[in-house]
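In the numbering used here, the protein residues as written are 23 to 262.
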């Protein structure tokens with residue numbers, strides 16, 4: 023089987039709206055491989071109407087977890103679900119650990135909510151966010167979520183180790199790479215057909231412009247490298 027990846031248009035469909043009367047959130051959208059639309063949007067994780075809303079949380083600190091800004095607001099909108107599962111030790115927050123639930127009706131627009139652990143705060147790196155991106159891509163397909171949203175909320179947990187834009191870039195590069203693998207599995211009838219339609223990366227007003235810039239660069243980079251992947255069938259084809 024030969025798979026051809028066509029050129030990816032990275033023209034920004036500039037829907038940058040800084041909210042006149044309708045208070046529309048600022049948004050920049052990009053075309054990505056495999057028909058994905060990726061947007062950077064100035065919005066919080068408790069506001070986006072996603073099929074799957076994802077955030078990241080550090081490993082639980084027994085003395086006190088930090089909740090500021092969007093992290094605090096999200097927990098409040100969810101009536102303390104996040105802090106409850108952490109304080110009870112039911113979501114530890116080890117790197118790559120996941121916790122999925124369906125928000126009670128009327129609390130937030132997202133249909134399902136997933137938390138992905140970042141591990142110990144002192145160990146945070148771009149590789150941590152690359153892993154989160156791969157998990158997000160695969161889980162979105164597994165859960166058949168067409169509309170996916172992600173907010174790192176790292177700054178809102180009091181950590182400034184990683185540049186926000188670079189972290190967003192690391193995440194989206196690996197999400198796209200993981201999604202490409204999922205699509206190739208589908209093409210070889212090794213997985214049921216399903217397509218993610220769009221991914222929204224949520225950013226605060228301070229970080230919006232740089233996040234959009236870095237995400238665009240990340241999409242360009244992964245689009246250039248995907249054609250270099252081995253396109254031979256996985257294992258044996260059904261005719262062998």
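Cβ coordinates follow ideal geometry from the N, Cα and C atoms, glycine included. In this text the structure is predicted, and so the values were computed from the model without any measurement.
| query | result |
| --- | --- |
| Among 50, 79, 208 and 63, nearest to residue 264 - alpha-carbon criterion | Residue 264 falls outside the range modelled here, since the chain spans only 23 to 262, and no answer is possible. |
| Per-residue DSSP class, three states only, for residue 75 | strand |
| Neighbourhood of residue 131 by C-beta distance below 6 Å, restricted to the same chain and skipping five residues each side | 71 |
| Selection from 67, 66, 49 and 151 that minimises the alpha carbon distance to residue 60 | 49 |
| Beta-carbon proximity of residue 120 to residue 176, cut-off 8 Å | no |
| Stretch-stretch touch, CB-based, cutoff 8 Å, three pairs: the stretch 79–90 with the stretch 111–119 | yes |
| Member of 178, 52, 168 and 47 whose CA lies at the smallest distance from the CA of residue 240 | 52 |
| Reduced DSSP secondary structure (H/G/I, E/B, other) of residue 177 | helix |
| Under 8 Å between C-beta atoms of residue 129 and residue 169 | no |
| As assigned by DSSP and simplified to three states, the class of residue 190 | helix |
| Selection from 213, 127, 144 and 223 that minimises the alpha carbon distance to residue 192 | 223 |
| Among 93, 185 and 194, the one whose alpha carbon lies nearest that of residue 242 | 194 |
| Range of the contiguous alpha helix (DSSP H) that encloses residue 80 | Element bounds for residue 80: n/a, residue is neither H nor E. |
| For residue 166, the nearest candidate out of 187, 212 and 218 (CA to CA) | 218 |
| Cβ shell of residue 125 (< 7 Å), same chain only, five flanking positions each side left out | 100, 132 and 135 |
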